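Trainee: Sequence order for the protein chains is A and B. Be aware that the first sequence starts at 1, since it is given in this note's numbering, and climbs by one per residue. Be aware that the second sequence starts at 113, since it is given in this note's numbering, and climbs by one per residue. Using N, Cα and C, we set each Cβ at its ideal position, and we do this for glycine too. All values derive from a computational prediction rather than experimental measurement.
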Amino acid sequence: QKEVEQNSGPLSVPEGAIASLNCTYSDRVSQSFFWYRQYSGKSPELIMSIYSNGDKEDGRFTAQLNKASQYVSLLIRDSQPSDSATYLCAVIPGGGADGLTFGKGTHLIIQP
Amino acid sequence: KAGVTQTPRYLIKTRGQQVTLSCSPISGHRSVSWYQQTPGQGLQFLFEYFSETQRNKGNFPGRFSGRQFSNSRSEMNVSTLELGDSALYLCASSTGHGNQNYGYTFGSGTRLTVV
Numbered sequence: 001q002k003e004v005e006q007n008s009g010p011l012s013v014p015e016g017a018i019a020s021l022n023c024t025y026s027d028r029v030s031q032s033f034f035w036y037r038q039y040s041g042k043s044p045e046l047i048m049s050i051y052s053n054g055d056k057e058d059g060r061f062t063a064q065l066n067k068a069s070q071y072v073s074l075l076i077r078d079s080q081p082s083d084s085a086t087y088l089c090a091v092i093p094g095g096g097a098d099g100l101t102f103g104k105g106t107h108l109i110i111q112p
Numbered sequence: 113k114a115g116v117t118q119t120p121r122y123l124i125k126t127r128g129q130q131v132t133l134s135c136s137p138i139s140g141h142r143s144v145s146w147y148q149q150t151p152g153q154g155l156q157f158l159f160e161y162f163s164e165t166q167r168n169k170g171n172f173p174g175r176f177s178g179r180q181f182s183n184s185r186s187e188m189n190v191s192t193l194e195l196g197d198s199a200l201y202l203c204a205s206s207t208g209h210g211n212q213n214y215g216y217t218f219g220s221g222t223r224l225t226v227v
């Protein structure tokens, strides 16, 4: 069973601080990794994709991938109340035969 | 550019009935995948279609089926509905499939309630 694990939270972060969200995955040969944001009652929205070890930055968001440790993270700098949402880590397992495998998500709360 | 369109938005069905959900992908996207979201299980992969062919299938019973048309639009069907099928059904489209894509864009979903 290929799994993606996330801490469900809630993770509470003060406004303006850095929010750090973490994810581990079980399939060692996974190649594609995504972070989605989901507001309550809405559908998931793609924030970041990452395919190679290291960091990838897009505005206030940075995705980090460490394939040796089977670990993906998302950093949100200068957190805003509008960042309060559930963040879903998604992985396409090796071979791409199983679609997106999602973690259960981390509920992030940005405190004004 | 229009997003992924799912219809209907809400459905109420009775146990034992069947239901068909529709998804129109973003123009130019040839891959359509379907997911079931419930509070307990989270988002679970149902199946993925690319160029009218089912490429991948998740661990769901045969009551769940789908198809894709030549214009990339997709439908999923659930037969003999059970109470446990109540969920948000999400469709996502992308340009490629499997590891040959750069992220899936989701539609707003169809909220199915089975009574």
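Per DSSP, residue 27/A is paired with what?
Mentor: Paired residues: none, contrary to the question.
Trainee: Strictly under 7 Å for the Cβ-Cβ distance: is residue 178/B near chain A by that measure?
Mentor: no
Trainee: Considering just the uninterrupted stretch of the beta strand (DSSP E) at residue 58/A, what are its terminal residues?
Mentor: 54-58
Trainee: Helix, strand or coil for residue 196/B per DSSP?
Mentor: helix
Trainee: Quick one: which chain B residues come within Cβ less than 9 Å of residue 104/A?
Mentor: 153, 154 and 155
Trainee: How big is the Cα-Cα spacing for residue 149/B and residue 68/A?
Mentor: 30 Å
Trainee: Does the beta-carbon distance from residue 101/A to residue 2/A come in below 7 Å?
Mentor: yes
Trainee: Could you give the DSSP three-state label for residue 81/A: helix, strand or coil?
Mentor: It is helical.
Trainee: Quick one: does residue 33/A have its CB under 7 Å from some CB of chain B?
Mentor: At a cut-off of 7 Å between beta carbons, residue 33/A makes no contact with chain B.
Trainee: What span of residues does the beta strand (DSSP E) with residue 64/A cover, start to end?
Mentor: 61-66
Trainee: Give me the chain B residues within the contact set of residue 99/A, using Cβ-Cβ distance strictly less than 7 Å, ordered along the chain.
Mentor: 145, 157, 160, 168 and 170
Trainee: Excluding sequence positions up to five away, which residues of its chain have a Cβ less than 7 Å from the Cβ of residue 120/B?
Mentor: Within its own chain, the residues whose Cβ lies closer than 7 Å to the Cβ of residue 120/B, once the five positions on either side in sequence are excluded, are 222, listed in chain order.
Trainee: Going along the chain, which residues of its own chain have a beta-carbon closer than 8 Å to the beta-carbon of residue 15/A, five neighbours each way excluded?
Mentor: 79, 80, 81, 110, 111 and 112
Trainee: Kindly indicate if chain A contains any beta-carbon less than 7 Å away from that of residue 214/B.
Mentor: yes
Trainee: Quick one, which residues of the stretch 44-78 of chain A are near chain B if we go by CB-CB under 8 Å, in chain order?
Mentor: 44, 45, 46 and 49
Trainee: For residue 216/B, report the span of its beta strand (DSSP E) as first-last.
Mentor: Unbroken run through residue 216/B: none, as it is neither H nor E.
Trainee: Could you check whether the stretch 130-140 of chain B touches the stretch 40-52 of chain A, counting it as contact only if at least three pairs of C-beta atoms, one from each stretch, sit closer than 8 Å?
Mentor: no
Trainee: Per the DSSP calculation, residue 91/A is bridged to which residue(s)?
Mentor: 33/A and 101/A
Trainee: With 7 Å as the threshold, decide whether the Cβ of residue 184/B is near any Cβ in chain A.
Mentor: For residue 184/B, not one C-beta of chain A is nearer than 7 Å to its own C-beta.
Trainee: Rounded to whole angstroms, what is the Cα-Cα separation between residue 130/B and residue 13/A?
Mentor: 45 Å
Trainee: Could you check whether the Cβ of residue 202/B sits closer than 7 Å to any Cβ belonging to chain A?
Mentor: yes
Trainee: If we call anything under 7 Å between Cβ atoms a contact, is residue 215/B one with residue 34/A?
Mentor: yes
Trainee: Mind reading off the beta-carbon distance from residue 83/A to residue 108/A? Whole number of angstroms is fine, and I expect it under 8 Å.
Mentor: 7 Å
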